[in-house]
Every structure is written in C-alpha cells, then in structure tokens.
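Peer 1: Below is one structure. I have some questions about it.
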Ligand SMILES: [Zn+2]
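Residue numbers (the working numbering): 1 to 68.
Here's what the structure looks like:
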C-alpha cells in the first residue's frame, strides 16, 4: 500500500482506492479489474472445454458402438 497524489486535487490518497475520497476523481483501477475478468472468462472457457471434451468423446464412442 502506497500513497499517490490525486491528479485532480493533488492530495495524497491510497493507491488501493478506486476513487479519490477528497474530490471523487475516478482512478483507472477499474479498467485493470475488467481486464482481469476477461482472463478469468478465458480460463473458465478453457476449463469448460477440458471438462466437456471427454463427454463428447464418450458420446462419439457410444455412437460408433451402436453402429458396429
Ligand atoms: Zn482528488
């Protein structure tokens, strides 16, 4: 945790806050959080692929078994 200067009012504020408590200036921390959410969505998508691919393979095996 570090103190940074608000670009709007110039007062010292914590670097962990998303907006200045003195003037309400929005710091660009939320956009970083959005990018983190995007990577989380990608991870969830990859996990879904890993989970569903054996199920798809299982159904494909079932289909070939019924044909032969
Ligand atoms: Zn401020």
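We put the beta carbon where it would ideally sit given N, CA and C, even for glycine.
For ligand 1, list every residue whose C-beta falls under 6 angstroms from any of its heavy atoms, going in chain order.
Peer 2: Going along the chain, the residues that qualify are 6, 8, 9, 11, 20, 22, 23, 25.
Peer 1: Leaving out the 5 sequence neighbours to the left and right, which residues in its chain are closer than 6 angstroms to residue 13 when beta-carbon positions are compared?
Peer 2: Here the set comprises 6, 20.
Peer 1: Could you name the residues of the same chain whose beta carbon sits closer than 6 angstroms to that of residue 26, not counting the 5 residues immediately before and after it, in chain order?
Peer 2: Same-chain partners within the cutoff: 19.
Peer 1: So what's residue 63 in DSSP terms, helix, strand or just coil?
Peer 2: Of the three classes helix, strand and coil, the one that applies to residue 63 here is helix, per DSSP.
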